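S.K.:
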Amino acid sequence: MDVTVEQGTLEDIEALGPLWVEMLTHHRAVIDGALPVNEDGRSWEATAKEYRTWFEAGNGLLLLARAAGGDLVGYLMCQLDSSTRTFDMPRLGHIDSLVVAAQARGAGVGSLLLDACKAALVEQGIRFWTIGVVEGNDRAMDLYQRFGFRPFYRDLAAEIG
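In this text, residue positions in the sequence shown follow full-length UniProt numbering: the first is 1, and each later residue adds one.
And the structure:
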């Protein structure tokens with residue numbers, strides 16, 4: 001698949017909604033009912049608001065993956081964090097979202113987005129990056145491990161009662 005990656009802007013955020021919803025659908029399949037997933041519209045509304053807040057604060061990095069015809073086939077949103085409380089990582093990039101359209105998965109789009117993110121972070125002098133992954137999303141975990149990510153912190157969830 002012929003794909004290019006470009007840096008996105010605040011104005012590009014609204015176009016990400018359909019891909020976000022695709023990711024929610026994928027997460028529903030991966031977790032198979034183990035935990036509830038937010039309703040599509042409400043989830044996207046909260047996510048878009050958060051993305052805009054990061055951009056307005058100057059700590060959002062958006063990368064867009066476009067197919068040869070210009071169609072959006074993926075995106076990566078990274079929050080540039082200025083500090084951590086526990087670990088000696090004065091600045092880090094936290095990849096909040098790496099989303100690839102279903103028809104483009106396995107074609108190297110995620111790798112292109114991660115390569116571009118890594119380059120942008122290095123250019124800013126950032127030495128560490130993090131990413132979260134839903135348990136059971138083995139293909140994503142394999143991709144992240146190829147980029148050097150290793151288990152570091154684990155969130156656990158349980159329903160009360």
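Yeah, the Cβ is synthetic: ideal placement off N, Cα and C, and Gly gets one too.
Treat the numbers as computed from the prediction; the structure is a model and nothing was measured.
Thinking just about the alpha-carbon of each residue, which of Gly74, Arg150, Arg91, Phe128 is nearest to the one in valine 3?
M.R.: The option with the nearest alpha carbon to valine 3 is Gly74.
S.K.: Spell out whether any CB of chain D is found under 8 Å from the CB atom of glycine 125.
M.R.: The structure shown contains no chain D; it is built from a single protein chain.
S.K.: Excluding the five sequence neighbours on either side, which residues of its own chain have a C-beta within less than 7 Å of the C-beta of alanine 101, listed in chain order?
M.R.: Contacts found: Leu19, Glu22, Val73, Gly74.
S.K.: Measure the Cβ-Cβ separation of leucine 24 and aspartate 40 and say whether it is below 8 Å.
M.R.: Yes, Cβ-Cβ distance for leucine 24 and aspartate 40 is below 8 Å.
S.K.: From this set, His27, Gly93, Gln103, Glu159, which residue's C-alpha is nearest asparagine 137's C-alpha?
M.R.: Ranking the options by Cα distance to asparagine 137, first place goes to His27.
S.K.: Going by DSSP, what residue range makes up the alpha helix (DSSP H) through valine 30?
M.R.: Counting along the chain, the alpha helix (DSSP H) containing valine 30 begins and ends at 17-31.
S.K.: Leaving out five residues on either side along the sequence, give the residues of the same chain with a beta carbon under 7 Å from the beta carbon of tyrosine 144.
M.R.: Excluding residues within five positions, the ones whose Cβ falls inside 7 Å are Ile131, Val133.
S.K.: State buried or exposed for phenylalanine 55, treating a residue as buried only when at least 16 other CB atoms are found within 10 Å of its CB.
M.R.: Buried: at least 16 other Cβ atoms inside 10 Å.
S.K.: Please classify leucine 35: is it buried, with 16 or more other beta-carbons within 10 angstroms of its beta-carbon, or exposed?
M.R.: Per the 10 Å Cβ criterion, exposed.
S.K.: Hey, how far is the Cα of glutamate 123 from the Cα of glycine 93?
M.R.: Rounded to the nearest angstrom, the two C-alpha atoms are 12 Å apart.
S.K.: Relative to the alpha-carbon of alanine 157, which residue among Ile31, Leu114, Tyr51, Leu76 has its alpha-carbon at the smallest distance?
M.R.: Minimum Cα distance to alanine 157 is reached at Ile31.
S.K.: Considering only C-alpha positions, which residue in the set Asp81, Leu80, Phe152, Ala67 is nearest to glycine 110?
M.R.: With distances taken between Cα atoms, glycine 110 lies closest to Ala67.
S.K.: Compute the Euclidean distance between the alpha carbons of threonine 53 and glycine 69, then round it to the nearest angstrom.
M.R.: The straight-line gap from Cα to Cα measures roughly 30 Å.
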